[in-house]
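Protein chains in written order, with numbering that gives the first Met the number 0: chain A, 0 to 289; chain B, 0 to 289; chain C, 0 to 289; chain D, 0 to 289.
Cβ coordinates follow ideal geometry from the N, Cα and C atoms, glycine included.
Take a look at the structure below.
Protein chains: 4
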Amino acid sequence: MKIKNVTIIDTFAEAWTLEVVRVVLTATSTEVALGGAHQFAGAAGSSMIGSRINAGIERAALPQETPDGRPGVFVSMAMPPDQREAMLEEIELRIALASLVPTIAVFDAAVEAAPGETVNIHDKFSISSERWEGYDTERELAGRKQCVLPTTTGEFVYEKAYKVCTNGTDGHFVCFAESETAAVTAVAAAKEALTAVDGVAPMGYGLEQVFREFDYIPSLRDKIADSKVPDGVNSILNLLMFGASPELMRQAMAVSLRAAAQVPGVMYLGAMNFGGEFGKHQYHLHQLLK
Amino acid sequence: MKIKNVTIIDTFAEAWTLEVVRVVLTATSTEVALGGAHQFAGAAGSSMIGSRINAGIERAALPQETPDGRPGVFVSMAMPPDQREAMLEEIELRIALASLVPTIAVFDAAVEAAPGETVNIHDKFSISSERWEGYDTERELAGRKQCVLPTTTGEFVYEKAYKVCTNGTDGHFVCFAESETAAVTAVAAAKEALTAVDGVAPMGYGLEQVFREFDYIPSLRDKIADSKVPDGVNSILNLLMFGASPELMRQAMAVSLRAAAQVPGVMYLGAMNFGGEFGKHQYHLHQLLK
Amino acid sequence: MKIKNVTIIDTFAEAWTLEVVRVVLTATSTEVALGGAHQFAGAAGSSMIGSRINAGIERAALPQETPDGRPGVFVSMAMPPDQREAMLEEIELRIALASLVPTIAVFDAAVEAAPGETVNIHDKFSISSERWEGYDTERELAGRKQCVLPTTTGEFVYEKAYKVCTNGTDGHFVCFAESETAAVTAVAAAKEALTAVDGVAPMGYGLEQVFREFDYIPSLRDKIADSKVPDGVNSILNLLMFGASPELMRQAMAVSLRAAAQVPGVMYLGAMNFGGEFGKHQYHLHQLLK
Amino acid sequence: MKIKNVTIIDTFAEAWTLEVVRVVLTATSTEVALGGAHQFAGAAGSSMIGSRINAGIERAALPQETPDGRPGVFVSMAMPPDQREAMLEEIELRIALASLVPTIAVFDAAVEAAPGETVNIHDKFSISSERWEGYDTERELAGRKQCVLPTTTGEFVYEKAYKVCTNGTDGHFVCFAESETAAVTAVAAAKEALTAVDGVAPMGYGLEQVFREFDYIPSLRDKIADSKVPDGVNSILNLLMFGASPELMRQAMAVSLRAAAQVPGVMYLGAMNFGGEFGKHQYHLHQLLK
Chain A
0 MKIKNVTIID
10 TFAEAWTLEV
20 VRVVLTATST
30 EVALGGAHQF
40 AGAAGSSMIG
50 SRINAGIERA
60 ALPQETPDGR
70 PGVFVSMAMP
80 PDQREAMLEE
90 IELRIALASL
100 VPTIAVFDAA
110 VEAAPGETVN
120 IHDKFSISSE
130 RWEGYDTERE
140 LAGRKQCVLP
150 TTTGEFVYEK
160 AYKVCTNGTD
170 GHFVCFAESE
180 TAAVTAVAAA
190 KEALTAVDGV
200 APMGYGLEQV
210 FREFDYIPSL
220 RDKIADSKVP
230 DGVNSILNLL
240 MFGASPELMR
250 QAMAVSLRAA
260 AQVPGVMYLG
270 AMNFGGEFGK
280 HQYHLHQLLK
Chain B
0 MKIKNVTIID
10 TFAEAWTLEV
20 VRVVLTATST
30 EVALGGAHQF
40 AGAAGSSMIG
50 SRINAGIERA
60 ALPQETPDGR
70 PGVFVSMAMP
80 PDQREAMLEE
90 IELRIALASL
100 VPTIAVFDAA
110 VEAAPGETVN
120 IHDKFSISSE
130 RWEGYDTERE
140 LAGRKQCVLP
150 TTTGEFVYEK
160 AYKVCTNGTD
170 GHFVCFAESE
180 TAAVTAVAAA
190 KEALTAVDGV
200 APMGYGLEQV
210 FREFDYIPSL
220 RDKIADSKVP
230 DGVNSILNLL
240 MFGASPELMR
250 QAMAVSLRAA
260 AQVPGVMYLG
270 AMNFGGEFGK
280 HQYHLHQLLK
Chain C
0 MKIKNVTIID
10 TFAEAWTLEV
20 VRVVLTATST
30 EVALGGAHQF
40 AGAAGSSMIG
50 SRINAGIERA
60 ALPQETPDGR
70 PGVFVSMAMP
80 PDQREAMLEE
90 IELRIALASL
100 VPTIAVFDAA
110 VEAAPGETVN
120 IHDKFSISSE
130 RWEGYDTERE
140 LAGRKQCVLP
150 TTTGEFVYEK
160 AYKVCTNGTD
170 GHFVCFAESE
180 TAAVTAVAAA
190 KEALTAVDGV
200 APMGYGLEQV
210 FREFDYIPSL
220 RDKIADSKVP
230 DGVNSILNLL
240 MFGASPELMR
250 QAMAVSLRAA
260 AQVPGVMYLG
270 AMNFGGEFGK
280 HQYHLHQLLK
Chain D
0 MKIKNVTIID
10 TFAEAWTLEV
20 VRVVLTATST
30 EVALGGAHQF
40 AGAAGSSMIG
50 SRINAGIERA
60 ALPQETPDGR
70 PGVFVSMAMP
80 PDQREAMLEE
90 IELRIALASL
100 VPTIAVFDAA
110 VEAAPGETVN
120 IHDKFSISSE
130 RWEGYDTERE
140 LAGRKQCVLP
150 TTTGEFVYEK
160 AYKVCTNGTD
170 GHFVCFAESE
180 TAAVTAVAAA
190 KEALTAVDGV
200 APMGYGLEQV
210 FREFDYIPSL
220 RDKIADSKVP
230 DGVNSILNLL
240 MFGASPELMR
250 QAMAVSLRAA
260 AQVPGVMYLG
270 AMNFGGEFGK
280 HQYHLHQLLK
């Protein structure tokens, strides 16, 4: 299978179940919302490396898309199911840090169709007493309970309860390119395509190089017995993503793969797996793109 | 003292000693460097609230300003002196997370004139064995030792040793405005002015609203006995910064105060203090601006 | 009628028929496409003041939305019907200027449902001989004819024919605010909302202050007999837009008005008209927002 | 001569005298100033192709750098000396178009050291009567006369007189790369480096591909007798610039060449000339970089 000059390797991305929380941060302007989102989603590129959460910025939210009608940014976060407690703790901290950013509000933006469990983070961590010393009040917005905290600038508002989507997943593809600039350009274009799929976010920066996969490191090509680096390929880069459901992930992988294939210098598009032995999901590239 | 229509309150900002580490992240493009910087400096708005480090993005670094001649971004980080160990651990984690971003390199960019102690973070945390399994090599660049790690995209490079500036400081001012939009616009302009002072960064997003200072919360004006909210003021917002030395902080506060004063709707510029009882430094606004 | 604290004046925006051409500029990255779009749509804020065309940038185009699957930017242009020849000449010039930007391609992106007439700009202006000295070739993409020009970087591609939508229209609303910062913040949020309506673009920067409307100038409030500046209002700013059809314009005005109404400091939202005597269209605010 | 793996061809860029006008647009925020700058500098990539002026955006101006202490953006414009009248007319139009952007002000920002002649554009084109119907007033700022026009949002301010620098020049270099992505990435990095040289701006987008130079078009390599496309090179891209003096141009070319040389995939850096027969200046690459 080829898209333009690019060979789509007949393989699959092995993927794991993740629990996903999706929020929208709104503010007086997109600019402030984005500043808040960078803080909210930062230092979160890989819990395997040690970040306390995995997170990514999906896209800007238009005023008409948000609960309070102001500009915003969608941010998603995820952790493996057995680390839900750690994820919720980190979300609590990041909500508290968001209280510093003027005009910011935080709302649940979970994908409606995805199954999940609602957790009242505000009550679970006793945020009212622990952080706000009881100065907060409650407000209802579209039937959902908000915590309202008076601040020097105005107020800080956040939703009390968030749906933890329990059937989330990671996803990725591998871009094999002639050069570093081609690899970066291609995966950057792929990341742009992702913004069309609500509920799927890049993990961290999204464009992900890997150290551990020695058989995919071109400079070790001659030193590794079963190197997987094809002739002519000098740079390999992944797009690493996660989303609220396998169906959304399949959509996301399809559009992002197609975008990557348009960039000159891309030779193959593939994926990594362990034979399907460990992960719950398998996203077969040929099925996604047919 | 007035700047345009704005009254500069005759007061001072009380400030504390901080230890500061400053890095430059370079990459194939400013765009990628900035993506890496957002990850590097995220979730770091306030160690008092619970972030494991305080950090901020200073500005873009031009290719000719960086050790490897590529576009970059300056990022500073800080913690109180008694939390140096925690700061270094968090920096180590963030360097490891930076390894995910293609083409990124991390270099020490400490302000030369500021006193400090060099710490070899690479050796201190045995990063070579703990994270890279010994696959890294060493390279010298301009007399400084770099760790070089082969990756799927190319290589990940970072400096092994960083100077911890021991005479750093925080700083801030308080903007008293007629409205929320005026407050945000004014402190945003002030934050722009900061970029001229190398070695000073906003803390987190920089524009900082406060919850705990009840006497500065306009909506509680009638409920607090000694409210400090002047008549006509409806929104109060701080610019919170930190830098490598008190001298740099004085420069930074001067330029940022002047920028804030230009925005219509700003009524007063002031600062918060505890009478000078706790912090080592006092930045007197009238002295800064005369 | 009120939205939050904002009074929606019971009035209408008088509007004129415009002919509209909509293109998408694609490139190797969104960043380059946007650079090309700024050049393509610049110096085009008002043909009444003297720009040779009216133009505006709508939004980024995702790779999967464009004819060649690469990232892009949607740009719209317009002139009154009696100035079609001038509009087409200016479009021809701007296509020629686009040939300077590496990897840029220009495609027709006219709104399908809007009525119009197709004009082969390439043939009309003999671009092949006049500009390319016959070095161009033709390529078909999705049934549409493209001109392909070899360049030093690769190739420059543009569509030969464009649909001129003949039932286009301008549109606007007037934001009456307490302050300049509130006015700018509100209309900026309104402009964000516009991006949801494909086929409607801001005219020039979109946030439009006016000189000629003396009865709307707050600083002349006491000098003008029938000043229309309400008490408490100190700054008035319009969002000026244009689009491919009145139906799209009504959608655009509705979403942008609602977004503006969320910003604190906005007191009234209204519109300007000449009693409906001159323009073909009337967009009644209360009808749009009910 | 080599920089890293890149061969610097021993050649020179032939350049012509240009007259240059440099302005700074200030506004309530960098964001609005940049929007105004895109309008001010748009559709201006090449007067040879037909744009009525050549222009480029240099960089953001910090509040402390501008005459009114607000954030801004530096924009430069140029035309050959024999087209000064056309240039001034186009500047007058672009100033008038700037009056639409709320909070924008326009000031002369000519490089002090460069020789030139001051032209009072306001008087020359009778802007007061022709455009403002006499409603403008005059204000002095730092000894320079400003025109002040009351508007619906506040006021529009612009400097009346501008220095036309008479010893300006264009400049460029040619980047020969293995691939399109390498060429674009390299010249983009080069353009970043330019921002350090006040008084030099990219011409239009700056990254400039060329159609007319058939001997530099890789896809015509086999068809052109004396093709200048070296083996291994598949994409060629220029950085086209202009500035207020030859000295500034030499600085600009040096820093931008060095930045381009850092990008993998760049093979040669060179320049175009006609043997020095036509242009007044010759910028020899080896002299610039030694």
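Identify whether residue i lies in helix, strand or coil by the three-state DSSP scheme.
i, result
"B/Ile48", "coil"
"D/Leu239", "strand"
"A/Tyr134", "coil"
"D/Gln261", "coil"
"C/Ala54", "strand"
"A/Gly6", "Note that residue 6 of chain A corresponds to Thr in the displayed sequence, not to Gly. A/Thr6 falls in the strand class under three-state DSSP."
"A/Pro79", "coil"
"A/Thr29", "helix"
"D/Glu276", "coil"
"A/Ala224", "coil"
"B/Ala40", "helix"
"B/Gln208", "coil"
"D/Thr180", "helix"
Would you tell me roughly how many angstroms separate the C-alpha atoms of residue i and residue j, rounded to the nearest one?
i, j, result
"C/Glu212", "C/Phe124", "39 Å"
"B/Phe210", "A/Ala97", "12 Å"
"A/Glu57", "C/Arg220", "46 Å"
"A/Met47", "B/Val100", "15 Å"
"A/Gly49", "A/Asp197", "27 Å"
"C/Arg138", "C/Lys159", "10 Å"
"B/Asn237", "A/Ala108", "30 Å"
"C/Trp15", "C/Met271", "13 Å"
"C/Gln208", "D/Glu18", "32 Å"
"A/Thr165", "A/Pro80", "8 Å"
"C/Ala187", "D/Ala104", "18 Å"
"D/Ile94", "D/Gln145", "13 Å"
Since residue i meets chain C, which of its residues come closer than 7 Å, beta carbon to beta carbon?
i, result
"A/Ser28", "Thr184, Ala187 and Ala188"
For a contact defined as C-beta to C-beta under 9 Å, what are the partners of residue i on chain C?
i, result
"B/Gly34", "Simply none; closest approach about 12 Å."
Could you tell me if residue i is buried or exposed, where buried requires 16 or more neighbouring beta carbons within 10 angstroms of its beta carbon?
i, result
"D/Gly68", "buried"
"D/Asn4", "exposed"
"C/Ala224", "exposed"
"B/Asp122", "exposed"
"A/Pro114", "exposed"
"A/Gln111", "Residue identity differs from the one stated: residue 111 of chain A is Glu in this sequence, not Gln. Per the 10 Å Cβ criterion, exposed."
"C/Gln286", "exposed"
"C/Thr117", "exposed"
"C/Glu154", "buried"
Residue i touches chain B at which residues, Cβ-Cβ below 7 Å?
i, result
"A/Leu148", "Phe210"
"A/His37", "His37 and Gly41"
"D/Ala192", "Leu61, Pro62 and Gln63"
"A/Thr152", "Glu179, Ala182, Gln208, Ser234, Ile235 and Leu236"
Output, in chain order, the set of chain C residues within a Cβ distance shorter than 8 Å of residue i.
i, result
"B/Pro263", "Ser178, Glu179 and Thr180"
So with CB distances below 9 Å, who are the chain A contacts of residue i?
i, result
"C/Val254", "Leu61, Pro62 and Gln63"
Find the residues of chain A that neighbour residue i, judging by a C-beta separation of less than 7 Å, and give them in chain order.
i, result
"C/Pro70", "Ala188 and Glu191"
For residue i, which residues in chain F fall below 8 Å Cβ to Cβ?
i, result
"C/Gly44", "Here chain F cannot be found, since the structure's protein chains are A, B, C and D."
Q) Is there contact here, the region 171-182 of chain A with the region 227-247 of chain A, by at least three beta-carbon pairs under 8 Å? A) Counting Cβ pairs under 8 Å, three or more are found: they touch.
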